[in-house]
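Read through the structure below, which is laid out as structure tokens, and then see the notes.
Protein chains: 4
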Amino acid sequence: MGLTIGVDVGGTKVAAGVVDDDGAIVEKVRRPTPSTDPEETAHVIAEVVDLLAGKYPDVSAVGLGTAGFVDEDRSTVLFAPNLAWRDEPIKKKVEGLVGLPVVVENDGNATAWGESRYGAGRGQDFMVCITLGTGIGGGIIVDGELNRGRFGIGAEFGHFRVVPDGRRCGCGNRGCWEQYASGNALVHEARDLARVAPAMAGRLLELGEGSPERIHGPQITQAAREGDAAALECFKTVAQWTGQGLADLSAILDPGAFVIGGGLSEAGDLLLDPVRDAFGAALTGRGHRPLPDIRIAELGPAAGIVGAADLARI
Amino acid sequence: MGLTIGVDVGGTKVAAGVVDDDGAIVEKVRRPTPSTDPEETAHVIAEVVDLLAGKYPDVSAVGLGTAGFVDEDRSTVLFAPNLAWRDEPIKKKVEGLVGLPVVVENDGNATAWGESRYGAGRGQDFMVCITLGTGIGGGIIVDGELNRGRFGIGAEFGHFRVVPDGRRCGCGNRGCWEQYASGNALVHEARDLARVAPAMAGRLLELGEGSPERIHGPQITQAAREGDAAALECFKTVAQWTGQGLADLSAILDPGAFVIGGGLSEAGDLLLDPVRDAFGAALTGRGHRPLPDIRIAELGPAAGIVGAADLARI
Amino acid sequence: MGLTIGVDVGGTKVAAGVVDDDGAIVEKVRRPTPSTDPEETAHVIAEVVDLLAGKYPDVSAVGLGTAGFVDEDRSTVLFAPNLAWRDEPIKKKVEGLVGLPVVVENDGNATAWGESRYGAGRGQDFMVCITLGTGIGGGIIVDGELNRGRFGIGAEFGHFRVVPDGRRCGCGNRGCWEQYASGNALVHEARDLARVAPAMAGRLLELGEGSPERIHGPQITQAAREGDAAALECFKTVAQWTGQGLADLSAILDPGAFVIGGGLSEAGDLLLDPVRDAFGAALTGRGHRPLPDIRIAELGPAAGIVGAADLARI
Amino acid sequence: MGLTIGVDVGGTKVAAGVVDDDGAIVEKVRRPTPSTDPEETAHVIAEVVDLLAGKYPDVSAVGLGTAGFVDEDRSTVLFAPNLAWRDEPIKKKVEGLVGLPVVVENDGNATAWGESRYGAGRGQDFMVCITLGTGIGGGIIVDGELNRGRFGIGAEFGHFRVVPDGRRCGCGNRGCWEQYASGNALVHEARDLARVAPAMAGRLLELGEGSPERIHGPQITQAAREGDAAALECFKTVAQWTGQGLADLSAILDPGAFVIGGGLSEAGDLLLDPVRDAFGAALTGRGHRPLPDIRIAELGPAAGIVGAADLARI
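Okay, structure coming up:
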């Protein structure tokens with residue numbers, strides 16, 4: 001068993017890579033997701049697969065990690081608003097186009113699997129991976145296996161409710177976790193501060209060229225690294241919601257490790273230190289139970305490609 | 001394999017039964033839990049096991065389902081406030097006393113396993129069992145196996161937080177789910193109503209002989225069955241919190257079925273109808289995903305005995 | 001002008017006193033409120049007035065301070081659930097029975113007026129009086145005058161909402177201030193603690209003879225005075241809600257002093273110190289504005305009689 | 001007495017008018033607020049007063065309505081972040097420059113007084129005026145007089161807390177009313193919706209030229225008038241918080257009328273209908289008490305000038 005291809009299908013880009021059985025990416029390619037026509041997306045996927053498979057004829061299978069709800073047979077995407085897919089039989093379509101066996105998986109699950117096999121989750125049979133980016137994604141490893149749930153739709157951590165009647169979420173509900181603990185939540189926090197208390201947010205506004213709307217994650221991280229009190233407070237707020245949510249997940253799942261990925265995780269200890277504090281203060285039964293590790297992910301954005309490629313191998 | 005013994009070790013009583021491999025209880029016995037001396041509890045367990053094993057010499061193993069945190073080796077109870085146990089090596093103690101192999105499991109897990117094998121969860125490989133009593137207990141079945149978590153302490157559903165800075169919980173935190181969705185929560189709701197708005201709670205107070213403190217679960221269920229508006233409102237409030245919490249668990253775990261047990265589940269459809277409504281209104285991605293069944297448990301309070309006995313068999 | 005009679009008409013007792021123009025009570029009498037028949041209440045009021053007026057023939061007028069909504073003409077009680085009165089023309093009735101001019105006022109307003117004229121509010125032209133007992137009552141002094149509002153129903157402080165979807169209140173709403181900051185709220189807090197965390201509430205339970213339901217205000221105060229951590233935490237929680245509410249009232253009314261009465265105020269500095277801390281931390285514009293005094297009331301339960309008697313004088 | 005000048009001193013502009021004793025503005029002038037130098041602001045005020053007083057030599061006094069905390073002597077602005085003033089002796093400065101008596105009042109109070117004397121509050125001795133704009137301002141009329149509070153800082157309605165640990169406010173606290181019920185809150189609501197659920201907010205985004213940041217109040221009002229469901233939902237959300245807050249103020253102040261001004265009030269019945277519904281559902285004691293009128297202000301942005309001018313007359 002040798003090479004497989006992993007493809008990460010997101011709302012803005014399709015990224016693919018040839019992956020060997022050590023989880024190393026041999027070669028990578030990316031294309032923009034064709035936003036005008038959801039039908040076209042299968043063709044773009046086929047195109048990048050053909051390109052890579054042409055150069056690496058040993059490739060034996062393809063794993064697609066895609067946004068949205070993937071069905072229990074790992075064949076059809078039930079619902080992916082960012083890709084404008086509904087009941088899309090993507091496995092069959094791509095297999096027809098590329099002539100290789102295809103496995104489909106939710107991108108959060110693919111990422112979790114990648115980290116579990118080759119990243120920060122190695123050696124952890126009970127692991128929860130959380131990606132903090134635009135929203136919250138991730139996956140659950142139980143006894144060394146990916147726990148997809150009965151219908152393949154589990155691990156939608158971003159949408160358990162943490163505040164009754166709280167902030168509006170794109171899913172149609174209010175108070176979802178990802179509205180409080182994600183890269184977007186950090187930006188939301190900083191812009192809010194800049195709008196209602198510009199005097200406190202001087203450095204953030206400076207980095208945002210005077211406009212709250214131009215404050216993005218990297219500026220907040222930079223200001224926090226400089227010791228700016230406002231930026232640190234934004235991190236602390238988001239870290240408290242994150243730590244509380246991890247404590248909630250520990251009550252339910254009791255993992256041995258949390259692996260934190262996504263754009264927000266690039267802040268490293270700036271995020272992790274207050275997350276650990278908040279987790280420790282919120283965990284039920286604290287003092288009477290072993291604690292899970294809380295770690296930053298190791299594979300970065302490539303985790304989805306690596307995980308999808310590995311899932312195609314199994 | 002034939003007979004095993006299951007023991008349900010709770011804060012007030014020790015209940016044991018000989019169980020055959022169809023999950024039927026052949027004979028049952030119970031003793032009060034010796035509250036004065038936690039050391040004594042092992043002796044009471046040994047006593048009921050000896051009694052039953054004496055009559056059924058084919059018994060090959062013993063399963064203990066016990067309140068509290070059970071360690072990953074299923075040997076030691078790390079922390080069980082109701083039994084006054086800390087780091088109690090109960091497997092070794094009971095094995096020494098009865099001369100049979102002993103397996104220890106958390107009682108919520110034992111109940112979930114019992115329902116999964118012989119009750120309302122039969123045929124469901126991905127199932128979540130929730131018991132609504134004094135608090136909330138339960139267990140998680142993933143791919144036909146009990147998911148105990150890394151340290152054996154998972155499925156503490158009662159303690160994920162649903163209201164920031166909410167009602168005080170016995171675990172030391174505030175806003176835990178079991179303070180809003182449990183048998184106790186129903187009673188709390190009804191007594192509160194009777195205290196602050198006695199005119200609205202006339203029937204409830206009548207059934208409680210005039211005192212809010214004498215309103216218990218059965219009275220509330222009775223009044224609700226009679227159509228009393230106040231009692232129905234109490235059920236609706238608790239059902240909304242229950243349904244919301246199941247929706248949260250679906251976002252995380254995506255089970256094929258929820259099995260609802262515990263004292264509150266005896267209200268049947270009075271509880272289940274509004275729970276299903278609330279669940280349907282709260283589930284993220286509703287309309288784009290298959291729905292789990294929500295069912296009442298079938299084995300009643302014996303589920304823990306049956307489950308523990310079966311776990312001893314594996 | 002010389003002597004007048006003040007009557008405090010509550011749900012359990014009718015208390016009356018002859019008051020001189022220094023606000024001193026010359027003689028006092030009380031009767032139980034006839035709960036069986038609301039009609040009877042006017043007769044009991046007349047009875048105590050006649051008794052006192054018989055001994056003090058100089059008495060020139062009667063002031064009634066009564067629970068409930070009093071209309072703008074200070075004649076009719078629109079709604080008083082504790083007295084079972086609806087649109088009760090109590091001024092006319094009592095005048096007919098006693099042959100003296102009668103003025104009717106809400107009991108919270110009477111208390112505020114009493115404290116304003118002869119108690120802790122002397123010399124304060126802008127004062128808010130808050131009584132913390134079963135619920136919250138009180139009154140508002142603006143520019144030396146009682147501010148009754150347009151319809152006579154103002155100063156129902158207990159029923160502004162402090163928690164969306166919060167604790168149920170007897171008024172039919174949820175989240176009213178008096179559910180968080182009152183004598184009852186303190187008891188609620190302590191009993192909750194005793195129920196869910198009996199180990200923490202050992203001293204409280206001891207004083208309550210082992211039962212949460214037998215923990216009352218005086219026991220909590222006693223335990224707090226002994227330094228009991230659980231009792232102190234209950235006080236702190238209630239004091240935080242109280243201080244926050246006073247800060248809210250300062251944002252709206254900007255009084256020069258708050259006078260705190262009612263049963264809870266008997267705890268003195270045990271209550272007042274954390275209330276002042278919470279107020280100072282919550283006040284909008286803190287650091288840029290003069291602070292009001294926060295003081296304990298001086299007249300005790302007699303404030304209502306003194307205030308009602310004085311209002312009859314005007 | 002005849003003509004006086006009213007000046008409305010805000011963070012962006014200084015607007016002044018000559019007002020006759022019928023509350024009619026005879027002539028008006030405005031200048032930008034000099035943002036670079038707070039000292040300059042007194043000169044700009046003097047400049048517009050001189051200009052008007054030169055043309056109307058009968059002018060006998062000047063009223064300044066200014067943002068910020070005005071002291072009890074109506075002479076000094078204690079704190080006005082938008083004007084960068086701290087302990088600014090503005091009365092003395094302007095009197096020295098213009099040679100006319102000057103009265104200083106908070107702009108919300110001036111507006112309330114204007115509406116009370118010549119606008120929607122005419123004939124209402126107990127009135128609360130609320131302006132819903134960037135934040136919430138307003139004033140309280142008690143028994144026909146402006147209730148300024150003990151230190152002149154009352155009626156800061158925008159900063160009583162309606163959500164514990166809620167949205168961050170520019171005052172440094174969280175959960176202030178103006179974060180939920182104001183023109184800014186409406187815009188916040190609409191932009192949030194457009195960001196997290198662009199599909200639902202199609203018409204709003206269209207009017208905002210595709211960008212959430214370009215959705216402003218007028219666009220939301222326009223969409224709501226067209227019947228757009230998303231815009232109507234935004235209005236409903238803000239109206240619910242507004243109506244709840246008015247109910248809270250009724251519990252405390254029991255006014256005969258609420259007069260609603262500020263930019264948001266331009267939406268008229270679109271706002272008022274759901275505000276009245278929410279008020280009616282939230283008022284404590286509803287059904288047992290007379291209801292206040294809830295009306296739109298009549299004088300528009302000029303209310304502050306008219307009120308300040310009239311206060312100079314007294």
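Protein chains in written order, with full-length UniProt numbering: chain A, 1 to 314; chain B, 1 to 314; chain X, 1 to 314; chain Z, 1 to 314.
Heads up, the beta-carbon is just placed ideally off N, CA and C, and yes, glycines get one too.
Since we're looking at a predicted model, the values are computed, not measured.
query	result
Would you identify the three-state DSSP class for E209/B, choosing helix, strand or coil?	coil
What residues from chain B crowd round residue 396/A, counting only those whose CB sits closer than 9 Å?	The question about residue 396/A has no answer here: the residues shown for chain A are numbered 1 through 314.
Could you check how far apart the C-beta atoms of A15/Z and E298/Z are, in whole angstroms? I think they sit under 8 Å.	Incorrect: roughly 18 Å between the Cβ atoms, too far for contact.
Output yes if chain B places a C-beta closer than 8 Å to the C-beta of V44/A; else output no.	no
Between which two residues does the alpha helix (DSSP H) carrying E88/Z extend?	No alpha helix (DSSP H) contains E88/Z, which is instead part of the beta strand (DSSP E) from W85 to E88.
Determine which residues share a DSSP beta bridge with N106/B and list them.	T66/B
Beta carbons nearer than 8 Å to chain Z: which residues of the stretch 288-311 of chain X have them?	H288, R289, P290 and P292
Using beta-carbon positions only, say whether V18/X and V59/X come within less than 8 Å of one another.	yes
Considering D293/A, what are the terminal residues of the beta strand (DSSP E) in which it resides?	D293 to I296
Judging by CA-CA distance, which residue of T237/Z, I220/Z, T134/Z and A197/Z is the nearest neighbour of G261/Z?	T134/Z
Residues of chain Z with CB closer than 9 Å to the CB of A24/A, please, in chain order.	The premise fails here: A24/A is roughly 38 Å from chain Z at the closest Cβ pair, so nothing lies under 9 Å.
Please name the residue, chosen from P292/Z, T284/Z, L52/Z and A194/Z, that lies closest to C169/X on a Cα-to-Cα basis.	T284/Z
Could you give the C-beta distance for A231/B and A190/B, rounded to a whole number, given that I count them as a contact under 8 Å?	7 Å
Please report the residue range of the beta strand (DSSP E) in which F258/Z lies.	A257 to G261
Thinking C176/B and G158/B are a contact (beta carbons under 8 Å), I'd like their distance in whole angstroms, please.	6 Å
Name, going along the chain, the residues of the stretch 185-198 of chain Z whose beta-carbon falls closer than 7 Å to a beta-carbon of chain A.	D192, L193, V196 and A197
Does the stretch 255-274 of chain X come close enough to the stretch 171-188 of chain Z to have 3 or more Cβ pairs within less than 8 Å?	no
Assess, as a yes-or-no matter, whether the stretch 60-74 of chain X is touched by the stretch 304-314 of chain X under the definition of 3 or more beta carbon pairs within less than 8 Å.	yes
If you drop the 5 nearest sequence neighbours on each side, which residues of the same chain put their C-beta closer than 7 Å to that of residue 322/X?	Coverage of chain X is limited to positions 1 through 314, which leaves residue 322/X absent and any answer about it impossible.
Let's test the definition: count the other Cβ atoms within 10 Å of the Cβ of A229/X and tell me whether it reaches 16, buried, or not, exposed.	exposed
Am I right that L97/Z and A42/Z are in contact with their C-beta atoms under 8 Å? What's the rounded C-beta distance?	7 Å
Helix, strand or coil for L146/X, going by three-state DSSP, please let me know.	strand
Can you look up E72/X in the DSSP assignment and give me helix, strand or coil?	coil
Return the Cβ separation of L205/Z and A197/Z in integer angstroms, given the expectation that the two are a contact with Cβ distance under 8 Å.	Actually they are not in contact, since the Cβ atoms of L205/Z and A197/Z sit about 10 Å apart, beyond 8 Å.
Rounded to whole angstroms, what's the CA-CA distance from I294/Z to E72/X? Just pull it up for me.	19 Å
Taking C-alpha atoms, which residue in A46/A, D50/A and G108/A lies nearest to V70/A?	G108/A
Assess, as a yes-or-no matter, whether the stretch 136-155 of chain Z is touched by the stretch 139-147 of chain X under the definition of 3 or more beta carbon pairs within less than 8 Å.	yes
Taking 8 Å as the threshold (C-beta atoms), are V187/A and G245/A in contact?	no
Excluding sequence positions up to five away, which residues of its chain have a Cβ less than 8 Å from the Cβ of D277/B?	A239 and G243
So which of A201/A, D254/A and G263/A has the shortest CA-CA distance to C234/A?	A201/A
For C234/X, decide whether its Cβ has a neighbour in chain B, counting only Cβ atoms nearer than 8 Å.	no
Given a limit of 9 Å on CB to CB distance, which residues of the stretch 125-157 of chain X reach chain Z?	D125, F126, M127, I140, V142, D143, E145, N147, R148, G149, R150, F151, G152, I153, G154, A155, E156 and F157
R31/X by DSSP, collapsed to three states: which one?	strand
Below 7 Å on C-beta distance, what does E213/X contact in chain D?	The chain inventory of the structure shown lacks chain D, comprising the protein chains A, B, X and Z.
Ignore the nearest five residues each way along the sequence and tell me which others in K13/A's own chain have a CB closer than 8 Å to its CB.	R30, R31, P32 and T33
Rounded to a whole number of angstroms, what is the C-alpha to C-alpha distance between Y56/B and G65/B?	20 Å
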